[in-house]
Structure formats: structure tokens, C-alpha cells
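Trainee:
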Amino acid sequence: MKYHTPASFADASAIAAEAHGVTRFLAGGTDVLVQMRSDIVTPEDLIDVKHIDGVKDITQNADGSWTIGIAVAGAEMTEHPTLGQEWPGLVEAMDLIGSTQVQGRATLVGNLCNGSPAADSVPAQIAAGVTVTVTGPNGTRDVAVEDIPSGPGRTTLQKGELISALHVPARGDNAGDAYLRFIPRTEMDIAVVGCGISLRVDGDVITEARVSLGAVAPTVLLVADAAKAIIGTTLDDAALDSLAKAAEAACSPIDDKRGTIEFRTEVAGVLAKRTAKIAYARAKGEKV
Amino acid sequence: MSNKIHVSTKVNGDEVEFLCDPRETLLDALRDRLNLTGAKEGCGTGDCGACSVTVDGRLVCSCLMLGAEAEGKEIATIEGMAEGGELHPLQRKFIEHAALQCGVCTPGILVAAKNLLEKNPDPTEEQVRYWLAGNLCRCTGYDKIIRAVMDAAEEMRGAA
Amino acid sequence: MALDEVKPVVETGESYDSNKEFKYVGTRPNRPDGLDKVTGRAKYGADHAVANMLHAAVLRSPHAHARIVKIDTSKAEAAEGVKAVVIGTDLPEGLTGGDLHLQENTLARDKVYYDGHAVAAVAATSALAAKDAVKLIEVEYELLPHVIDVDEAMKPDAPVIREGDQGPTVPEGMHPNVVNYMEFGHGDLEAGFAAADLVLENTFKTEATHQGYIEPHACVGQLGEDGKGEMWVCTQGQWFIRKMCAAVLGLEASNLRVTPSEIGGGFGGKTTIFSEAISLALSRKAGGRPVKLVMTRSEVLRATGPTASTSMDVKIGMKKDGTITAGSVEFRMQGGAWPDMAPTGMALNCAFASYDMPAVHHVGYDVLANRPKAAAYRAPGSPMAAFAVESLVDEMCRELKLDPIEVRMKNGAKEGTKASYGPTFKQIGLMQTLEAAKAHPNLQAELGPNQGRGVACGFWFNHGGETSVTLALGNDGTVTVSAGTPDIGGSRASVALMVAETLGIPYDHVRVNIVETGALGFNEPSHGSRATFATGKAAVESCNQAIKEMCRRAAKKWGIDEDAVEWKDGAAHPAGPNAGEFPPMTIKKIAQSMGRSGGPISGHHETTAGGVGESFGTHVVDVEVDPETGKTTILRYLVVQDAGRAIHPSYVEGQYQGGAAQGIGWALNEEYVYDDMGRLQNPVFLDYRVPVASDLPMIDTVIVEVPNPGHPYGVRGVGETGITPPLPAIANAIADATGCRMRHLPMTPVKVLKAIKERVNG
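Protein sequence lines, in the order shown, are assigned to chains A, B and C.
So the first sequence is numbered by the numbering used here: it starts at 70 and just counts up by one.
So the second sequence is numbered by the numbering used here: it starts at 3 and just counts up by one.
So the third sequence is numbered by the numbering used here: it starts at 5 and just counts up by one.
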């Protein structure tokens with residue numbers, strides 16, 4: 070295996086584009102190293118992206134949006150003084166991944182590009198409307214995060230392409246996000262179901278919403294019907310029931326060692342309700 | 003031709019260097035190249051925390067970093083926790099509270115707990131438990147470990 | 005030291021003080037190896053390195069059941085850095101019985117029996133080179149049908165795993181996978197059931213679990229062409245490892261010297277060998293170079309010794325007033341692909357051990373399955389038996405509206421009870437644990453919505469076993485004890501306390517070393533909750549021997565009869581005024597001159613320790629179950645257990661809490677998951693879910709002391725009983741919280757939610 074430490078995205082992209090055999094990018098390494106150790110993947114080329122300028126930066130732009138470097142660790146997001154105040158769901162979702170030790174290294178982009186349908190940060194990223202800049206041999210393009218994963222362990226990135234920045238929209242007023250997951254223990258498990266919701270209110274009425282479900286389909290889902298179920302409502306019981314049904318209907322999970330189809334579908338509905346309540350309370354300015 | 007990478011780094015305050023295969027983890031390098039066997043491999047997948055060290059003050063699993071990534075960093079392991087032969091309050095409290103039985107998870111837990119108290123000198127029981135969720139112990143049921151950490155925190159606050 | 009008649013003492017928590025009459029026993033000093041363990045200095049199995057050392061990697065079967073048609077190791081042998089390759093046929097032929105089974109499990113010969121079964125191994129100049137080389141070994145398999153489930157494995161059409169291993173007691177016509185059958189009982193079962201007002205019967209199942217020690221197996225083995233070798237290994241029993249490696253390799257055991265490292269957990273799983281002999285075989289093939297073999301976590305879970313999965317039928321008869329009139333059980337357990345590994349016999353013995361019943365009947369089957377060779381896991385068989393029996397007793401208490409603690413007090417085993425498994429109990433402490441549980445403040449805690457409380461009792465026989473201890477007096481009056489039982493939970497401290505007490509010298513004047521096989525006579529492992537009991541007993545006898553010699557030296561110096569000298573407070577004294585007016589001769593004084601007064605002074609004792617005392621426990625647990633997800637949270641957990649006498653109360657509490665934590669994991673989340681090809685799906689800690697720190701509350705403990713007359717300080721082993729009650733206690737608490745009776749472990753959210761929905765939907 071060859072270990073590379075390129076100083077720019079262009080160099081990183083060129084190494085990947087010209088490589089023969091398996092290539093992996095290394096940011097936090099909390100997925101790649103596990104896969105290497107377990108012989109799931111043995112890269113010929115491992116490209117460490119942490120030596121590129123700006124990859125560790127969290128910046129709030131003039132328009133209120135955020136640019137997050139691709140090697141920013143979850144712990145750094147949690148420690149940031151204001152990011153978590155504007156986007157608590159996104160930060161909490163990232164904070165749930167693994168242990169404190171894993172938090173010291175794991176990244177949003179790594180979590181996204183690992184392509185697990187159960188990735189904790191991805192439903193929150195999708196709900197927040199996060200986009201990424203992709204740099205490749207043919208230049209750069211901006212992509213919505215829900216268009217990155219294409220199946221379990223796979224992304225839509227082409228050979229030589231890598232994500233070079235992550236963009237979180239400006240939060241704006243009267244808005245809130247939340248992420249909940251179901252795991253059998255209290256920590257250290259892969260999500261059996263994950264739900265990320267971001268919404269905006271006008272008074273008591275929900276005017277915008279994005280609902281995303283994880284671990285219930287081959288990729289993380291953006292569930293338009295679930296959003297429709299609560300837009301225009303005050304999140305009363307009828308709306309919550311409608312939300313739960315829409316969430317359940319969107320599920321096409323598998324039976325595996327972590328959960329059954331029946332269980333995941335049922336709990337998707339339960340979590341959608343619980344998550345919506347938190348996001349709603351936050352949008353109305355309550356401290357939850 | 004050798005594929006080995008030359009790494010210069012700082013461990014427990016000492017400048018060190020070693021050669022390692024690109025695939026070797028930081029844990030492998032600490033144990034096999036530097037003979038610092040305090041950090042243990044319990045799982046190799048970042049699930050047990052027995053390999054915990056800090057890198058530039060950040061708590062990490064050394065099995066989830068490559069040896070090559072240690073270049074230019076400052077690493078702290080269990081071997082550096084007692085300063086000049088004087089035990090850290092956490093180390094003393096662990097012995098006092100019988101917070102170890104087989105002791106194999108103890109180095110990882112001590113490194114993790116030290117990092118917690120540096121960031122939060124007055125944690126609640128729940129905060130300690132969640133901070134240490136990535137450090138598995140199979141012997142103690144965690145009770146005496148949590149008591150030892152809370153007691154050390156109290157002593158350190160008093161001394162501060 | 006004579007054992008006084010001591011009233012049972014019950015104390016709670018941190019203020020516990022075992023006995024005012026002892027100076028050292030019952031106190032909580034720092035353990036002697038504490039400093040090494042909190043500084044990273046202590047050396048465990050994988051922490052050892054020697055010059056010229058090679059590294060091993062093992063190739064393992066990806067199939068649950070297959071014939072090995074061909075193995076081609078040529079590419080591996082030619083690979084960079086490889087110095088030796090071994091396969092099953094390199095090991096000697098002609099072994100039988102248990103030795104053959106160990107050998108087959110070390111390296112498969114013509115068949116692989118489970119996913120993970122070792123097939124070949126490589127020694128190379130680096131761990132990565134070995135890992136790369138092992139992938140170059142080509143194995144051709146002929147797949148065979150496999151069976152995983154214990155009940156399926158007994159059916160007429162089940163694939164046959166082994167021929168000719170069926171024990172003589174197995175009834176005619178049973179499938180060859182049924183390798184042992186046991187049946188015993190006493191009393192008139194029919195009459196007992198007839199006399200009951202309520203007879204309930206049900207079936208309970210548990211899945212396989214692993215001891216889950218954090219330290220993977222590791223060793224450094226060296227074996228020369230002359231058949232002499234050494235091994236450094238993390239183990240609970242260095243003499244067992246020596247004996248087993250020698251048998252597997254056709255060596256004389258006395259030619260092997262095994263040194264135990266510090267051990268990072270065992271719980272029974274490190275009392276035997278799995279890959280250790282491979283390191284020796286590779287070493288010999290590599291011209292005697294030492295070979296380090298460290299298992300990965302997935303190798304540990306796939307290819308060491310989990311405990312059995314079980315299917316259990318229980319039937320109990322109870323009167324309206326709570327009197328139990330009869331009980332019968334049939335247990336079916338699989339111990340992997342080899343006979344004699346399932347803990348069925350012990351499970352049967354434990355099933356009704358907590359009860360005084362006029363009629364009991366037990367039937368048990370050991371069954372083979374295409375799973376790894378099971379090993380002991382903390383009170384083997386007892387947790388499963390308790391899950392079945394204590395759950396059914398609880399069901400009956402609920403139906404008859406009786407208090408679960410009162411029913412156990414009404415029927416509980418006492419001194420003089422004829423135990424369900426045969427012997428008559430001497431002094432035991434079950435009643436005292438029930439009394440203490442009843443009186444504990446946790447029982448007064450109010451339960452809110454979706455919360456419930458469960459009670460259960462547990463039992464373990466404990467064990468004595470072969471023990472050899474030596475102690476030597478140093479010139480400075482300190483004492484060094486050589487013991488053979490590796491320190492897995494603080495037993496060095498307990499031994500030092502007993503030696504300090506017996507000799508009357510300060511605790512920190514006693515050093516305890518755990519020594520290698522060449523330094524002592526035979527010792528059984530640290531298993532069966534025997535270390536503090538048996539090593540302690542032998543250490544006390546060794547002290548007595550040394551005391552006799554020291555008194556003799558004093559007598560000689562004083563010119564009086566040996567009988568006229570007594571030992572007290574660390575010194576020889578004239579025994580009474582007629583003996584003469586001599587100032588006491590301290591141990592230090594005797595030690596300083598021992599070279600001149602007759603030579604170095606030692607004491608030693610070898611025994612197969614008898615006088616074992618059983619340990620009973622009562623657990624009470626409060627849970628909350630989320631009705632929308634089926635997730636269980638442990639709110640409160642109380643362990644009450646009889647320790648006989650707690651030599652070091654902190655480490656006794658530690659055993660109680662550790663056993664409870666393993667039981668909680670077993671009850672709620674831990675299990676071996678197989679796919680339909682018989683491959684283990686969760687060989688990593690991510691999906692083999694042991695409890696983490698945030699899963700558990702503080703675990704309250706109460707040490708009951710009903711001293712065991714068979715030990716000089718009244719010790720009963722405590723390590724194992726604690727894992728027995730949690731399984732049923734939690735099931736009972738979940739039943740209390742949800743109205744759902746869970747009969748299949750683990751009680752995962754998936755299963756509990758399903759049960760809640762079925763109950764709600766009628």
C-alpha cells in the first residue's frame with residue numbers, strides 16, 4: 070500500500086485518477102482503518118487529505134451559511150461555540166457516532182462517503198439541506214448530499230473525484246432541526262433506525278420541512294410524503310399520526326442482526342414523531 | 003525495496019522516531035516499535051477503547067490511526083500519566099477504589115478519564131458514563147470506575 | 005487458626021467491615037499489583053517480545069461444515085518473510101478422547117466443524133507478512149450440510165457431525181449428534197404434582213454468549229528440536245496449558261515450561277487451549293525460533309469457547325400457600341462440535357439447588373452443533389438453568405398472587421436440606437441473602453409507569469481442586485508467597501491478607517508471585533471460584549508450617565521445648581510463665597539469623613482442597629421498558645450474596661458487580677447470530693453487544709457472611725454465583741413492567757416490542 074499526503078485537492082484528485090487498483094481517501098480513518106484491519110478492503114493507494122489547507126476549518130460565511138472542512142472531527146463540531154446552537158440536530162447526529170475516541174477523528178464527509186444506509190450524520194445532513202463540493206479531473210461541482218450515496222457502501226463519486234468542502238445552509242429564523250436514532254444499548258451501536266428532521270414555523274404552523282430516514286432502505290431517504298404530512302400543520306396528534314404513517318410507508322428495510330423489517334418500520338414511525346416534536350420545539354425557540 | 007515510512011513524533015514529551023509499514027496503526031507503532039505496551043489491542047475496530055491515547059490533546063483510539071499519521075504530533079500514553087514517579091490522582095483513586103480487576107482496560111480508561119477532567123472538571127455521573135462509553139470493561143460493571151473518577155475529580159477541584 | 009462460631013453478619017456497601025476480630029482479613033488495602041496496572045507496566049499476553057521472534061497468522065475455515073479435500077501451502081511457504089507453515093496433518097496421530105478433541109480444534113485434520121475452525125498457520129518475520137502470507141494458502145473444501153440450533157440438531161434428519169461419540173447412557177435410536185444423556189432425581193414426582201394447586205410448564209431458550217474478556221488470547225511459544233520448550237501466555241491455568249499443549253503435540257509435559265502473564269479477563273474461557281499449541285508447532289518447524297501468536301477479536305469470538313445455547317423445559321407444582329411440591333426439567337444444550345463441552349450436567353445440578361423440594365426429576369442432553377468448541381463461562385450452565393426455573397417460579401407467584409421473596413423463603417434450601425442434586429447442605433446462606441434483600445432500601449423505591457421489579461436467586465457449588473503453594477522467609481522478615489493461580493480479580497491481595505493475618509505481620513510485608521509451571525507442584529487454574537479459597541487455604545497451611553519451624557528456632561535459642569513456644573503477633577513467645585522469661589523473638593529477628601540457626605525457612609502445602617462452601621445469592625432489579633420501542637433500561641440493581649467471609653470486601657463487591665453486568669448483557673443484548681450458511685454474523689464488539697458504562701447504573705451490593713467451616717477464615721468462592729440470578733431477575737422485572745413473559749434470551753427490543761404488541765392486540 071502506498072500512503073500519500075497531497076498538499077492540494079488537485080493533487081489528491083490526480084493521484085486517485087491515475088491510480089490502478091483500490092483507492093481510499095483518509096480523513097478521520099474511523100471507517101477505512103477498520104475495513105483495512107478486517108480485510109474488507111486493502112487499498113493500493115491511501116490518500117491522506119489532512120495536509121490540504123482549510124480541511125480543518127469551520128467557517129460561518131457572511132450570508133449565515135457554513136463551510137465545514139472535510140477533515141473537521143465530530144468533537145470539533147461539538148466544541149464549536151455557535152454551530153451547535155444553529156444546527157443542534159446536525160451536531161448531535163455527528164456526536165452520536167461511536168465513542169468519544171471515535172468522535173476525536175470521525176468526519177461528516179467520511180460518514181457520508183462510507184455509504185452506510187445507517188450512517189448517523191446523513192439523515193441530519195439531508196434534513197438540513199447540506200451540499201458538498203466535489204473536486205475531480207473534470208473540475209468541481211456542487212451536489213446535494215442525498216445524491217452522494219448510491220447503495221450500501223457505494224457513492225456516485227467517479228474515479229478521481231473527492232469531496233473538497235461541505236456547505237450547511239444559513240439557518241434563518243424560526244427554524245430547528247433534530248436527530249434521533251434507535252439503538253439497543255445507550256451508545257456504541259449502529260443505528261437500527263435514524264431520523265433527521267429540519268423545519269421552519271410561522272407562529273405555530275410548520276411552513277417548511279425536510280424529513281430523512283436512515284437504516285430503513287439501501288440508502289438514507291429524503292421522505293417527501295413525511296414532510297407533506299406536517300407542512301401546514303401545528304404538529305397536532307393527527308399530523309403526528311400522518312407523519313408516522315408516511316415514515317412507515319417509506320421504509321424498505323431488511324431483516325438483519327440489528328433489527329427486523331417489522332421492528333424498523335414500526336420504530337421509524339415512533340422516531341419520526343419524537344424527532345419532529347424536538348425540531349418543532351426548537352423552531353419555536355424552546356430550549357430542548 | 004522497503005516501503006517503510008520514517009516517522010518523527012513526540013511521545014509523552016520525548017522526541018522519538020521509528021520506521022513503520024504504511025499499514026501499521028499508531029497502536030502497532032507504539033507497542034512494537036517503541037515498546038510502549040500500555041495501550042492494548044482489545045478489538046482492532048475502535049469499539050473497546052483499550053488502545054486510547056491522546057494526539058495533540060485529543061482523545062482517540064490509536065488502533066484507528068496509522069503510525070504514519072503520528073508525524074509531527076504530540077502523543078500522550080498511559081506511560082506518561084504519572085509525572086516524575088508521582089501518580090496522577092486518577093491512578094491513585096483507581097487503586098483506592100478497587101476500580102480494576104484484571105486491569106487490561108485500565109490504561110485506556112485512565113487516559114480517557116484524564117482527558118475528560120481536563121475538559122470538564124466537574125462532570126456528573128451521567129457525563130462520566132457517556133464519556134467512557136467507548137471504554138469497555140468486562141470485569142467491574144463500571145461501578146467502582148465511575149466512583150474513582152468522580153472522587154479524583156473532586157480531589158482535583160479541591161486542589162485547584 | 006481455629007474458626008470461631010461467628011454470627012452471620014450483613015453489611016451494606018462501602019462501610020462494610022468484615023470482622024472486628026481480625027487485623028487484616030476484612031480490610032481494604034491497596035492490591036499489591038495495583039501500581040503496575042495503573043501505569044501500563046503490567047505485562048499481559050501480547051506485551052512480551054523476545055529476540056529472533058516470528059509472528060503467526062492463522063487461516064480459518066469460512067464454512068460451518070466441510071471436508072478438507074486439499075491444502076496447498078506452497079505459495080505461502082514461498083512468500084516474503086515466511087519461515088514456517090503448519091497444517092493439521094503435521095500434528096501427531098493416535099490421540100484419543102479429550103486430547104484428540106483439543107488437537108482437532110487446534111488445527112483441523114480432514115474436516116472443519118465450524119466457521120472459524122483453524123486450518124493452517126504461518127510464522128513470518130512480521131505480523132503483516134504473516135497476515136499476507138496466510139491468504140496465499142489454497143484450500144479446497146467439499147461442503148457438507150450443517151446444523152446450528154440445538155433442537156434441530158437432535159432431529160432424525162439433522163446432518164451428522166461426528167460418528168461414534170455417543171455416550172453409553174444415550175437412549176437407543178437418538179441421533180448421533182446426541183452425545184450424552186443424564187437422568188436423576190429423588191422423591192415421587194407424580195404424587196408431588198398431584199398435591200399441587202397449580203402446575204405450570206413451559207419452554208425457555210437461551211442463545212450462545214461469549215465471556216467477552218477484553219484481552220484476546222496471546223502467547224509466545226518456543227519449541228526446540230529436542231522437544232523442550234517454553235511458553236509465555238495469558239491464561240487462567242498454566243499447568244492446564246502445559247498439559248494440553250504437550251498432549252496435542254505429543255510432548256512430555258515436563259519438557260514444557262509455561263509462564264503466565266497478567267491476564268486481561270478469562271471467566272473460564274482461558275482455562276483451556278485454542279491456538280496456543282500452534283505457536284509451538286510453528287516454532288519447532290522454524291528451527292526453534294520463538295513465535296508470537298495473538299488472536300484478533302473476530303478470531304476470539306469465532307474460534308474460542310463461547311457457552312452453550314439451550315432449549316429447556318420446566319414443570320413445577322405449587323400449592324396455593326406457595327409450597328413447591330415437585331419440579332422436573334429437561335435441558336437440551338449444545339457445546340459446539342465436540343462432546344463433553346456442553347454444561348448440561350452442571351445446569352441440571354443447579355436447576356433446583358436453591359429449593360427444598362420433596363420430588364425432583366432431571367433429564368439432560370448434550371448435543372453437537374456446527375459451532376466452536378464451548379468452554380466454561382462463569383458458573384457454566386447455572387445462569388441458563390436459573391433463567392428457566394426462576395422465571396417459571398415467578399410466573400407461578402404472579403398467578404397465585406404470592407410475593408416472590410416470601411415464596412423463596414418458604415421453600416429455600418437451608419442447612420440440612422437434601423439438595424436437588426444429591427448431597428445434604430451444611431451451613432449455607434440463602435435465607436440470609438433473602439432476608440437482606442427484603443430489608444434493603446431498593447425494595448422500597450417506588451415504581452412509575454412502564455417500570456417493574458424482578459427477584460431471582462442463584463447458586464454455585466464452588467470448587468477446591470489441586471493446589472500447591474510455597475512461601476519463603478526473607479532476611480528482612482518479609483515473606484514471599486509463590487502461588488499458582490493467576491490473579492484475575494484481586495486474589496493476590498486476598499492471599500496476602502490471609503498470610504499477614506496468620507503470621508501476624510504487616511500486609512505490605514507479604515509479596516505474592518504467580519509463578520510458572522517449573523516453580524511449584526501442580527495447580528488447577530483460577531476457575532471454579534477457587535483461587536481465594538484454595539490458594540488461600542494452602543497459603544495458610546504453608547504459614548502454619550513456617551510458624552512451626554520459626555518456633556522451633558526460638559525454642560532452640562531459648563533452650564526450651566518446642567511445645568513451650570507459641571506464635572502471636574508476628575513473633576515467637578514463651579507459651580505461659582512456666583516456659584521461661586524470654587522477650588518475644590520477632591519474625592525479623594528469626595529471619596536475620598536463620599542462615600546460622602539451621603538454614604533458610606520456608607513453608608509449603610500441597611492438597612486437593614476440600615471443605616468447599618456453596619455460595620447463594622439473591623438479586624433484585626428494577627427496569628423501565630419503553631412501550632413504543634421495547635427497549636429496557638436498568639434503573640436499580642441489587643446483588644446480595646453469601647461470601648462466607650470477605651477477605652478483601654472491595655474485590656468481593658467487584659465480583660458481585662462484574663457478574664451482574666455480564667448477566668445484564670446476556671439477558672438483554674448478547675447472542676451469537678448465524679446466517680443460513682452457518683457463518684457467525686457478529687464477530688466484533690460492534691454487534692456482539694456487551695454493556696457499556698452508560699448502560700448501567702451503580703450496582704448495589706450486600707455481602708452476607710455465613711462462614712464456611714471448611715476454610716480457616718470461612719471463605720466461600722464468590723466469583724461465579726453473581727452471573728446466575730440476573731437472567732431471570734431481569735425477565736421477571738420485564739414481566740412486571742409489561743405483563744409480557746419473555747422466554748427466549750436475549751430480551752432484545754425487537755423481541756420485547758413484539759411481545760408488547762401481541763399482548764396489546766390480544
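Yeah, the Cβ is synthetic: ideal placement off N, Cα and C, and Gly gets one too.
1. Could you name the residues that DSSP lists as bridge partners for residue 297 of chain C?
2. Enumerated in chain order, which unbroken segments of the beta strand (DSSP E) with a length of 3 residues or greater are wholly contained in the segment 608-683 of chain C?
3. What three-state label does DSSP hand residue 155 of chain B in the structure shown?
4. Suppose the cutoff is 8 Å on Cβ atoms and the five residues either side in sequence are ignored; what does the same chain contact list for residue 751 of chain C look like?
5. Keeping to the same chain, check which residues put their C-beta closer than 6 Å to that of residue 343 of chain C; ignore five residues upstream and five downstream.
6. Measure the alpha-carbon distance for residue 743 of chain C versus residue 506 of chain C and round it to whole angstroms.
7. Under 8 Å, Cβ to Cβ, is there at least one residue of chain C near residue 137 of chain B?
8. Are there three or more Cβ pairs, one per stretch, closer than 8 Å when the segment 364-375 of chain C is compared with the segment 184-198 of chain C?
9. Using the DSSP secondary-structure output, state which residues sit across from residue 317 of chain A in a beta bridge.
10. On the three-state DSSP scale, how would you describe residue 197 of chain C?
11. Between residue 140 of chain B and chain A, is there a C-beta pair that is closer than 8 Å?
12. Which residues of chain C have a Cβ atom closer than 8 Å to the Cβ of residue 96 of chain B, listed in chain order?
13. Closer than 7 Å by C-beta to residue 212 of chain A: which residues in its own chain qualify, once you throw out the five before and the five after it? Chain order, please.
14. Hey, out of A/176, A/216 and A/165, whose CA is closest to residue 126 of chain A's CA?
15. Does residue 144 of chain B have its Cβ less than 8 Å from a Cβ in chain A?
16. Would you list the one or two residues that DSSP bridges to residue 218 of chain A?
17. Given a cut-off of 8 Å on the beta-carbon distance, is the pair residue 61 of chain C and residue 147 of chain C in contact?
18. Buried or exposed, going by whether 16 or more other CB atoms sit within 10 Å of the CB of residue 766 of chain C?
19. Using a Cβ cut-off of 8 Å, which residues of the segment 62-84 of chain B contact any Cβ in chain A, in chain order?
20. Using a Cβ-Cβ cut-off of less than 9 Å, give me the residues of the segment 242-260 of chain A that come near chain C, in sequence order.
21. Taking residue 148 of chain B as the query, report the chain C residues whose CB atoms sit under 8 Å from its CB, ordered along the chain.
22. Return no unless some Cβ of chain F is closer than 8 Å to the Cβ of residue 455 of chain C.
23. What does DSSP give as the partner residues of residue 338 of chain C in its beta bridges?
24. Kindly list, in the order they appear in chain B, the residues whose Cβ is closer than 8 Å to that of residue 47 of chain C.
25. Let me check understanding here. Comparing Cα to Cα, which of A/336, A/222, A/281 and A/257 lies closest to residue 171 of chain A?
26. From the DSSP output, in three-state form, read off residue 17 of chain C for me.
27. Tell me whether residue 105 of chain C sits in a helix, a strand or coil according to DSSP, three-state version.
28. Determine the closest residue to residue 241 of chain C out of C/228, C/261 and C/703, with distance taken between C-alpha atoms.
29. Quick check on residue 256 of chain C: buried or exposed, where buried means 16 or more other Cβ atoms within 10 Å of its Cβ?
30. Between which two residues does the alpha helix (DSSP H) holding residue 391 of chain C run?
31. Consult DSSP for residue 511 of chain C and reduce its assignment to one of helix, strand or coil.
32. Could you please give the first and the last residue of the uninterrupted alpha helix (DSSP H) stretch that includes residue 163 of chain A?
33. Could you tell me which of A/219, A/102 and A/162 sits nearest to residue 47 of chain B, measuring between CA atoms?
34. Would you report the Cα separation of residue 226 of chain A and residue 316 of chain A, rounded to the nearest angstrom?
35. Does any CB atom of chain A fall closer than 8 Å to the CB of residue 125 of chain B?
36. Please tell me whether residue 278 of chain C has its Cβ less than 8 Å away from any Cβ of chain B.
Mentor: Answer, in terms of the structure:
1. C/223
2. 619-629 and 636-646
3. helix
4. 636, 671, 672, 734, 735 and 738
5. 169 and 183
6. Inter-residue distance for residue 743 of chain C and residue 506 of chain C is about 54 Å (C-alpha atoms, whole angstroms).
7. yes
8. Cβ pair count under 8 Å is three or more, so yes.
9. Answer is none; residue 317 of chain A lacks a bridge partner.
10. helix
11. Under the 8 Å criterion on CB atoms, residue 140 of chain B is classed as non-interfacial with respect to chain A.
12. 38 and 42
13. 200, 201 and 203
14. A/176
15. no
16. A/224
17. no
18. Residue 766 of chain C should be labelled exposed.
19. Those would be 62, 63, 65, 66, 67, 68, 70 and 71, in chain order.
20. 251, 252, 253, 254, 255, 256, 257, 258 and 259
21. 697 and 702
22. The chain inventory of the structure shown lacks chain F, comprising the protein chains A, B and C.
23. In the DSSP output, where bridge partners are listed per residue, residue 338 of chain C has C/313 and C/371.
24. 39
25. A/257
26. The pLDDT assigned to residue 17 of chain C is 39, lower than 50, so where the model puts this residue is not dependable; a value taken from the coordinates is nonetheless given after this. Helix, per DSSP.
27. helix
28. C/261
29. exposed
30. Start and end: 386-404.
31. helix
32. 157-164
33. A/102
34. 28 Å
35. no
36. no
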